[in-house]
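K.L.:
Protein chains: 2
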Amino acid sequence: MTGAGFHVDPWVVSVSGLEPEQLAHEESVFGLSNGHLGWRGNLDEGDPRGVAGSYLNGVFEEHPMPYAEDGYGYPGVGQSVINVQNGQIIRMLVDDEPFDLRVGELLSHDRRLDMRDGTLHRTFEWLGPTGRRVRVESTRVVSLSRRAIAAVRYSVEVLDQSAEVTLISELLANEPLPIVHDDPRVQDLLTEPLVTVEADVVGSRSTLMHRTRRSGIIVAATMDHEVDGPGCRVVSDADNDKAQTTIRARLDPGQRLTIMKYVGHDFERGMTPATVRARAEVAVAIAKEDGWHRLLADQREVLDEYWRCADVVVEGEPRLQQAVRFALFQIFQAAARAEVRSVPGKGLTGSGYEGHTFWDFEGFVLPVLTSTAPDAARQALLWRHSTLHHARDRAAQLHLAGAAFAWRTIDGRESSGYWPASTAAFHINADIAVAVLHYVRATGDAEFEREFGLEILVETARLWLSLGHRDADGAFHIDGVTGPDEYSAVANDNVFTNLMAQLNLRGAADAARRHPEKLKELGVGSDEAREWEAAAADMHIPFDEERGIHPQSAGYTHLERWDFDATGPDQYLLHDNFPYFDLYRKQVVKQADLVLAMHVAHEAFTSQEKARNFEYYEALTVRDSSLSASPQAVIAAEVGHLGLAYDYLAEVATIDLDDLHGNTHEGLHIAALAGVWTAIVAGFGGMRDTADGLRFAPRLPQPLTRLKFGVRIHGHTLSLNVTALETTYQYSGDEPLTILHFDEVITVGGDDVTVRTPSLPDPGPRPQQPRHRAPRPAFGTDADGDQGRVC
Amino acid sequence: MTGAGFHVDPWVVSVSGLEPEQLAHEESVFGLSNGHLGWRGNLDEGDPRGVAGSYLNGVFEEHPMPYAEDGYGYPGVGQSVINVQNGQIIRMLVDDEPFDLRVGELLSHDRRLDMRDGTLHRTFEWLGPTGRRVRVESTRVVSLSRRAIAAVRYSVEVLDQSAEVTLISELLANEPLPIVHDDPRVQDLLTEPLVTVEADVVGSRSTLMHRTRRSGIIVAATMDHEVDGPGCRVVSDADNDKAQTTIRARLDPGQRLTIMKYVGHDFERGMTPATVRARAEVAVAIAKEDGWHRLLADQREVLDEYWRCADVVVEGEPRLQQAVRFALFQIFQAAARAEVRSVPGKGLTGSGYEGHTFWDFEGFVLPVLTSTAPDAARQALLWRHSTLHHARDRAAQLHLAGAAFAWRTIDGRESSGYWPASTAAFHINADIAVAVLHYVRATGDAEFEREFGLEILVETARLWLSLGHRDADGAFHIDGVTGPDEYSAVANDNVFTNLMAQLNLRGAADAARRHPEKLKELGVGSDEAREWEAAAADMHIPFDEERGIHPQSAGYTHLERWDFDATGPDQYLLHDNFPYFDLYRKQVVKQADLVLAMHVAHEAFTSQEKARNFEYYEALTVRDSSLSASPQAVIAAEVGHLGLAYDYLAEVATIDLDDLHGNTHEGLHIAALAGVWTAIVAGFGGMRDTADGLRFAPRLPQPLTRLKFGVRIHGHTLSLNVTALETTYQYSGDEPLTILHFDEVITVGGDDVTVRTPSLPDPGPRPQQPRHRAPRPAFGTDADGDQGRVC
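Written out as structure tokens, the structure is:
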């Protein structure tokens, strides 16, 4: 059993019983999505529930951005994800008794998320207050093969005595959102965001058409039904915010009433409602015609294909095995069919962060998709490319060259309200560019590079050149920016940013050389690529000679250290209890920054620097962000602290299953979940991406006995089977692949290659974390009261 | 004639004619106030008008502070000055023709602000559309001797033919405010802030009682009238938002109808309406009984006493003479009877900055009051003292010791919405403390120091000790703060801040030694004062050895310089056209920061450093703030650039009369106006306050031939009469006074002392300012298109 009561199983997350206060958490865990359409795991009957959630990726409402004191370049319009028409609901009456889990007696209640089938199953048995007993099975799917479609099979069996069973299947608009904005007046503007355009019924099919009030998006929802049961009567009607189909049947004991409900969605901005409507209705018609079993079979097929490469086998800790697959399932769900839309920080599992995407998608999630589901990675990069016009406008507004991508957004326009932690965090542009470089290198997708990637690289390189400046000695500096660590801001020469900009500038110059035919079209002058390379070569990387470590940014190591001893466990998260003012001016790290740099720009550091830097920043890092444990795991493993790395892996692996941050009800931490894969593959697998190919350095931590994972390279899969003593490499490609195993060059082709793991040099004593902020022992049974929550 | 059409006169500011688009500007210039009650110079008839303005210092409405992204320690409640019941209005009908300046023919219209009488006079002659001609004289006074009282004498003479004249005297609540908040939804909350409590009439006296909607302040307004004219009929009534008294008389040609209107105000939070009402009514009853002539005589007497010491005589430029007296009149008006209330940045002449007070009151205005009207200075410091409980709460919220005074506020609670330019600008605490030190030194008011000043000094010293930290070498640093320059923020070791904190810490230790009997009460431990002195002694003052100058803050001189050549004249104000992000990370100075430090902490710099620093920062300073020209004038004069100093003096002297910033309609720039005195006295007079007494270094710029000014010291006046060749010192005190004239020690007692001015060493070439930002030649007749507006 997990900390939050889920049963431990390699491919299934399940829970028995029903605790109302756990519902909101479970709704996120049991959410189904295909990247386009997302349903939280609300109970079929609509009540009780934690947070209603039915999302379409890209459907949002606009609101004014409120400022106590306005400033130049502050975005004026914000964006918030909203609930679209909710097609989940199937209510039940048994005779005249409305089914209510809280009334009568719930004899059993089980839910199980099957990560191979891609379905959410639910069974329960209910004894109504007047003595009628029914058994219900429901299965829900959000189709990975049919982007617009979600479906539910709901089946009621009457036990003991005959009864009239009524099922009411609904589409319901303007369901309340939880609080998604700090300002209550903005929140008010987000209630009832859907305005009715049309509502109608043909037979058992209903369609609701709405338009979002301010953002003007047309949203269509269609439902249709197949019914199976003795003597069913079916009636449908629809008006304004609700469509419903009522199915009634008199059942004798052992008889069943079963309905298959197909729900289809589409939306568009600036398209006629008739077109959007037709798309939703056609999708439903086809799904219904193909039928329920085909839907499930297709779902399994898509997932089988995904798992073939993406699966990570973990032996030695069943909870980790389950958690890893849960993480990989969620990443896939979040992005699989996003198709040129952004992937929100919470995926489509909740409305946290207003449904915005952030840098951590490109920084954390995209590398995993590139290695496991490269088509989804490509689509996500195409989305960023599609926002280049907004990014160019933003750069121009800031008097900068090139393109400045939005720090937080749904549709590509900047929607950040606090510039020191958004506009100033220019590293997002390099995060995107490096994701492009990584994708192209891993897939060999030259067409993508030429048609899309190059333009991103060029425009971001131009941004960096205009953003930085040279000092009297010719060194290139980037001042006044914010790195990943949100407890620092507006600092000079942030090492992470400068190294990422360096990769960006070099990558742009390399790509420009590979595609000379495109340069004229992109207006790249003859000297431009040389200037990028020169700036990269002259990039200033501050170093504290006295301490022998890299400061996070210039002068960082001279700042006052946070007084960790005076900080109580209840004062974390620090940003909930201390002003930015105080956090920014002291040495205290919310999340890996320099440590993250040592992963993504690993070639810029010697092994000795990595070890010293890691130890220094461990003592400062409080992990008040979910984005920290994974990079810490990666570098802990690299510098030999395998036990510490394992503790961090366990933390990030259980972040949502165990609700470690207390906010999983707002949605899953998709980037953190991607970090589970990264902690394993880049941490214990030691994978590093270099211009000369991949390097691995696999080592197992206690208590693991085996790790097996795959990485997609140029359309094929490189598999590693790692045990304590050796690693077996296997490659499915036609051409042999040259890689590094530690410092040994090996070639993997038709035959497996098995190589021994060199002995681990003594890494020295385990680095210390700030008081109260050491990670819990992995999957430990001892509750550790010291562990603050993080988010 | 001034640039804005005012007649030049040594004691009067007057204008002829009426230009509707100038009204809003003139209303600020012609505003009358006593520091408690302020009336903008709206026309008596209420229309046409630019911006309605009737303020009581301390009457404000609260509103939620809007944030796009909330943070710990962000103030939740904002404050905005509102219009109280408007008692200015006297409408007129001639026969059945409502008087309207825009209808018929305005044969003449003159307004004159008399700075010795403290009155606003107005005369006009109007030919109505039906041929009736009247001559009107009005005189308005806001009493400096009776805090609650304003009064108007309004007199109508019928010319040519008989007519029935009707005057309608009003009290009018909920007059619209101009836009005072960026957020339109906050602005909406500020409409109609007054809720009626009571409205009634007894004879010709009416009273309106209101309560502010959210802040719950009871505001009483009473008016009563004396009437003089043949066969007058008087009727009064009142309800809700309006009270009116109608006076009618049939006049033959040459006959007059004259009314004297007395308006009284009082307000209180948390007091019964009956008490507040009684105070307003009694004030009016006494004023009416004493009568109009007594009111004017008292007004003149208060001003004569003020001018006796405060007057500055300028020979050689009549516009400067007028402007200096205008500045001094406005400073006095703003603060004379504020009496333990804050003095807003705009005084009571407009609703700009929401009526908030800022650091510039203590930094710029208080030193002038201390030298010219020390009782008002004392009251203002008592107000800060009265907010210590809020300041302690704020410090505790920020996890700091002592007290952190509000950056912007009306009642002492922090109301800032952008922390990098408010919370981080901790120098306000030292500005207040240094104002205390200066006041005590200048007045010898030991009772104030003991009972009030010491506590401010102790609490701010504690703040600094908790705010700073020591490095490994023991040097004391103050990191992450914002100095005066608002184009930099959140920097380490801002020189201004560190030097002011040093003065604060030393001053607190000295004061603690002088009042050992108070230390127990204030909880000052035995080592505390020693710790303050040690921190002051170890205070790190960064210096750029390579350039031989002080960086504004650590590392400042290594930042990229702003590209002034690429910045067009229409791109100023920079903060209206560039993001904070870009301003903060580059060398560009909005307003004197290091240069201001060289004035207030003058002993920390050598003459050579002052000259080099001044030249360096001149080239970076764009004067996008009204607080810059005066400190630049002071240091320009000190380093010998008298012509440049004079140009800066002229700029600040005409800031409001000529509406240089285009925003005088929002209210006068009280701190900038105080800078006129400072530019003369500390600039050309060279006055510096030292622990050993005053030092002067008087020199006249071209074209001035004489300067005469006085400074209050220990209750007496030290006068300087400066000509090109010599200075005559005169002191009214009983004990002789020792001062420095340049480096010469002189003693001034019963006899005047005349000393020669040493010859001016060659200061070298005139320093250059950024392109388009050089000051205009003083009072030049050449319009300089390059001169951007500043604010």
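Residue numbers (our numbering), protein chains in the order written: chain B, 1071 to 1861; chain A, 1071 to 1861. Glycine is no exception: its CB is placed at the ideal position from the N, C-alpha and C atoms.
Whole angstroms are fine: how far does the CA of Gln1369(B) sit from the CA of Tyr1423(B)?
P.N.:
When rounded, the distance between both Cα atoms is 29 Å.
K.L.:
Using a Cβ-Cβ cut-off of 6 Å (strictly less than) and excluding sequence neighbours within five positions of Lys1312(B), which residues of its own chain qualify?
P.N.:
Same-chain partners within the cutoff: Leu1242.
K.L.:
Can you list, in chain order, the residues of its chain with a C-beta nearer than 7 Å to that of Leu1537(B)? Leave out the 5 residues immediately preceding and following it.
P.N.:
Result list for Leu1537(B): Leu1470, Phe1496 and Ile1548, in chain order.
K.L.:
What is the DSSP secondary structure of Thr1277(B), counted as helix, strand or coil?
P.N.:
Thr1277(B): strand per DSSP, three-state reduction.
K.L.:
List the residues of chain A whose Cβ lies closer than 8 Å to the Cβ of Glu1630(B), in chain order.
P.N.:
Per Cβ cutoff of 8 Å: His1539, His1547 and Asp1549.
K.L.:
In chain A, which residues lie with their C-beta within 8 Å of the C-beta of Asn1499(B)?
P.N.:
Under the 8 Å cutoff, chain A gives no residues; its nearest Cβ is about 14 Å from Asn1499(B).
K.L.:
Quick check on DSSP: helix, strand or coil for His1295(A)?
P.N.:
Strand.
K.L.:
Is it right to say Thr1513(A) is buried, meaning 16 or more other beta carbons lie within 10 angstroms of its own, or is it exposed?
P.N.:
Buried is the call here.
K.L.:
Using the Cα positions of Val1206(A) and Leu1738(A), report the straight-line distance between them to the nearest angstrom.
P.N.:
Cα-Cα distance, rounded: 28 Å.
K.L.:
My output table needs one value for Glu1688(A): the three-state DSSP class, helix, strand or coil.
P.N.:
Three-state result, Glu1688(A): helix.
K.L.:
Return the first residue and the last residue of the alpha helix (DSSP H) that Asn1574(A) is part of.
P.N.:
It spans Val1565 to Arg1584 - the alpha helix (DSSP H) in which Asn1574(A) sits, taken as one unbroken run.
K.L.:
Starting from the C-beta of Val1297(A), find all residues in its chain whose C-beta is less than 7 Å away, skip the five residues before and the five after it, and write them out in chain order.
P.N.:
So the qualifying residues of the chain are Val1304, Ile1317 and Ile1329.
K.L.:
Under the three-state reduction of DSSP, which class applies to Val1129(B): helix, strand or coil?
P.N.:
Coil.
K.L.:
Is Thr1851(A) helix, strand or coil when you go by DSSP?
P.N.:
Because Thr1851(A) sits at a pLDDT of 44, beneath the cut-off of 50, its placement in the model cannot be relied upon, and the point is left open.
K.L.:
Put Ile1502(A) into one of helix, strand or coil per three-state DSSP.
P.N.:
Note: Ile1502(A) maps to helix in three-state DSSP.
K.L.:
Determine the burial state of Thr1851(B): buried for a count of at least 16 other Cβ atoms within 10 Å of its Cβ, exposed for fewer.
P.N.:
Residue confidence for Thr1851(B) is low, a pLDDT of 45 falling below 50, so the modelled location carries little weight; the figure read from the coordinates is stated next. Flag for Thr1851(B) reads exposed.
K.L.:
For chain A, check one thing: does any of its Cβ atoms lie closer than 8 Å to the Cβ of Ala1604(B)?
P.N.:
No, its Cβ sits nowhere closer than 8 Å to a Cβ of chain A.
K.L.:
Closest Cβ-Cβ distance between Phe1651(B) and chain A: below 8 Å?
P.N.:
Yes - at least one Cβ of chain A is within 8 Å of the one on Phe1651(B).
K.L.:
When you compare only the Cα positions, how much space is there between Phe1518(B) and His1335(B)?
P.N.:
About 29 Å.
K.L.:
Considering only the alpha carbon of each residue, which of Pro1845(A), Gly1105(A) and Pro1835(A) lies closest to Gln1449(A)?
P.N.:
The option with the nearest alpha carbon to Gln1449(A) is Gly1105(A).
K.L.:
Mind listing which residues of the stretch 1660-1677 of chain B have their C-beta closer than 8 Å to chain A's C-betas, in chain order?
P.N.:
Cβ contacts with chain A: none found.
K.L.:
Just curious, the alpha helix (DSSP H) that Trp1489(B) is in, first and last residue?
P.N.:
Segment: none, Trp1489(B) is in no alpha helix (DSSP H) and carries neither H nor E.
K.L.:
Consider the Cβ of Leu1468(B): report whether some Cβ of chain A lies at a distance smaller than 8 Å.
P.N.:
True, the Cβ-Cβ gap to chain A drops below 8 Å.
K.L.:
Could you work out which residues of chain A lie near Glu1139(B), taking near to mean beta carbons separated by less than 7 Å?
P.N.:
Correct list: Asp1252, Gly1487 and Tyr1488.
K.L.:
What residues from chain A crowd round Phe1648(B), counting only those whose CB sits closer than 9 Å?
P.N.:
Those within 9 Å of Phe1648(B) in chain A are Tyr1142, Gly1143, Leu1468 and His1469.
K.L.:
Between the stretch 1693-1712 of chain A and chain B, which residues of the former have CB atoms less than 8 Å from a CB of the latter, in chain order?
P.N.:
Answer in chain order: no residues at all.
K.L.:
Does the CB of Thr1479(A) have a neighbour CB from chain B at under 8 Å?
P.N.:
No, Thr1479(A) lies away from the interface with chain B (no Cβ there is under 8 Å from its Cβ).
K.L.:
Excluding sequence positions up to five away, which residues of its chain have a Cβ less than 7 Å from the Cβ of Ala1606(A)?
P.N.:
Closer than 7 Å at the Cβ level, and outside the excluded window around Ala1606(A), lie Gln1572, Leu1575 and Arg1576.
K.L.:
Given that Met1135(B) touches chain A, what residues does it touch there, using C-beta distances under 8 Å?
P.N.:
Here the neighbours are Ala1138.
K.L.:
Is the CB of Thr1493(A) under 8 Å away from at least one CB in chain B?
P.N.:
Interface residue, yes.
K.L.:
Please report the distance separating the alpha-carbon of Tyr1137(A) from that of Ser1558(B).
P.N.:
Cα to Cα, Tyr1137(A) sits roughly 20 Å from Ser1558(B).
K.L.:
Give a yes or no on whether 8 Å exceeds the smallest Cβ distance from Tyr1654(B) to chain C.
P.N.:
Of the chains in the structure shown, none is chain C; the protein chains are B and A.
K.L.:
Select from the stretch 1251-1278 of chain A all residues with a C-beta closer than 9 Å to any C-beta belonging to chain B, and list them in chain order.
P.N.:
Within the stretch 1251-1278 of chain A, the residues whose Cβ lies closer than 9 Å to some Cβ of chain B are His1251, Asp1252, Asp1253, Pro1254, Arg1255 and Val1256, listed in chain order.
K.L.:
Does the beta-carbon distance from Ser1623(A) to Gln1661(A) come in below 8 Å?
P.N.:
Contact flag unset, no.
K.L.:
Considering only the beta carbon of each residue, do Ala1350(B) and Thr1419(B) sit closer than 8 Å?
P.N.:
Against a cut-off of 8 Å, the Cβ pair of Thr1419(B) and Ala1350(B) comes out as no contact.
K.L.:
Taking any Cβ of chain A, which residues in the stretch 1402-1430 of chain B have a Cβ under 8 Å from it, in chain order?
P.N.:
Those would be none; no residue qualifies.
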